[in-house]
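Worksheet: the structure to be examined is printed underneath.
Residue numbers (this note's numbering): 7 to 169.
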């Protein structure tokens with residue numbers, strides 16, 4: 007059995023703010039050998055979370071609060087049409103379609119009262135968010151209100167060490 011190298015934390019925190027936490031929730035194989043798609047969110051400064059997608063190898067590269075030698079993308083539900091008062095996005099399911107396309111599944115929260123998302127008041131309304139195939143990087147599109155997503159949990163990533 008090969009030895010494992012634990013890579014922890016594996017995070018996206020370019021501001022290096024100790025209050026920010028990266029929550030990784032989904033993983034699939036990438037287009038190239040030994041590359042992966044990771045999805046999740048960060049509780050960045052502001053009223054709500056920001057969705058994340060990482061594409062690349064699971065390696066121990068760390069630079070300025072950002073892990074991995076691959077590419078991180080931030081994903082937000084755009085405030086257009088039916089999408090109003092959106093204040094948080096989380097991506098929890100990648101599906102690699104190949105050829106630079108990816109399906110993402112996630113959730114968004116919105117303030118149903120239209121008031122301040124960070125202030126006291128009525129609870130936010132979570133919705134499931136199925137997404138159309140997207141070129142990388144892309145924008146989320148087309149939520150269909152469904153059920154509340156599962157809780158966010160940190161993910162410990164292990165990868166085989168080179169021999």
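A virtual CB, placed ideally from N, CA and C, is assigned to each residue, including glycine.
Rounded C-alpha distance that separates residue 109 from residue 100: As a first step, residue 109 is located in the chain shown; it is residue number 103 there, counting from the start. As a first step, residue 100 is located in the chain shown; it is residue number 94 there, counting from the start. One C-alpha to the other measures close to 6 Å.
Whether residue 62 touches residue 77 by CB criterion (7 Å): Within the chain shown, the letter at position 56 stands for residue 62. Within the chain shown, the letter at position 71 stands for residue 77. Judged by beta-carbon spacing, residue 77 lies within the 7 Å limit of residue 62, meaning their Cβ atoms are closer than that value.
Through-space distance from residue 116 to residue 106, alpha-carbon basis: Here residue 106 refers to the residue found at position 100 of the chain shown. Here residue 116 refers to the residue found at position 110 of the chain shown. Distance between the alpha carbons of residue 106 and residue 116 is about 30 Å.
Three-state secondary structure (DSSP) of residue 31: Working through the chain shown from its first residue, we reach residue 31 at position 25. Strand at residue 31.
Burial state of residue 55, where buried means 16 or more other Cβ atoms lie within 10 Å: The residue labelled residue 55 in the question sits at position 49 within the chain shown. Under this definition residue 55 is a buried residue.
For residue 98 and residue 92, the rounded distance between their alpha carbons: By one-based count along the chain shown, residue 92 stands at place 86. By one-based count along the chain shown, residue 98 stands at place 92. Between residue 92 and residue 98, the C-alpha separation is close to 17 Å.
Assigned secondary structure, residue 49 (DSSP; H/G/I helix, E/B strand, else coil): As a position in the chain shown, residue 49 is number 43, starting the count at 1. Three-state result, residue 49: coil.
Short Cβ contact (7 Å threshold) for residue 83 with residue 20: On the chain shown, position 77 is the one that residue 83 refers to. On the chain shown, position 14 is the one that residue 20 refers to. Against a cut-off of 7 Å, the Cβ pair of residue 20 and residue 83 comes out as no contact.
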